[in-house]
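Undergrad: FYI, the numbering for the sequence shown is 131 to 192, going by our numbering. Pasting in a structure now, in structure tokens, and then I'll have a few things to ask.
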Amino acid sequence: MRPERFVITDRSWALIESLLPGTVRDRGVTAKDNRLFLEAVLWKVRVGGPWRDLPPGFGEWN
131 MRPERFVITD
141 RSWALIESLL
151 PGTVRDRGVT
161 AKDNRLFLEA
171 VLWKVRVGGP
181 WRDLPPGFGE
191 WN
């Protein structure tokens, strides 16, 4: 996903990033890309489409 397409501004992200589980340094994928995940959730809310229609820029829907 291109940064210019983000709904969450860098300033807003800086405020909420620490509230989400995991950190980038954790093992596994707990916080692989929390911002992209949150952007995908916001896309779903905004568009109302099914998860399987998630644009490729967000990664695999499942």
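All residues carry an ideal CB built from backbone N, CA and C; glycine is no exception. All values reported here derive from a predicted model rather than from experimental measurement.
1) With a Cβ-Cβ cutoff of 9 Å, do residue 185 and residue 164 count as a contact?
2) Could you check whether residue 175 and residue 183 sit closer than 9 Å to each other, using their CB atoms as the reference points?
3) Rounded to the nearest angstrom, how far is the Cβ of residue 137 from that of residue 166, given a contact under 8 Å?
4) Got a sec? Which residues, its chain only, sit under 7 Å from residue 170 by beta carbon, not counting five neighbours each side?
5) Using the Cα positions of residue 147 and residue 192, report the straight-line distance between them to the nearest angstrom.
TA: With the given structure in hand:
1) No. Outside cutoff.
2) With respect to residue 175, residue 183 sits apart: the two C-beta atoms are not nearer than 9 Å.
3) So it is not a contact: roughly 11 Å between Cβ atoms.
4) Excluding residues up to 5 positions away in sequence, 184, 188 lie with their Cβ nearer than 7 Å to the Cβ of residue 170 in the same chain.
5) So the alpha carbons of these two residues sit roughly 23 Å apart.
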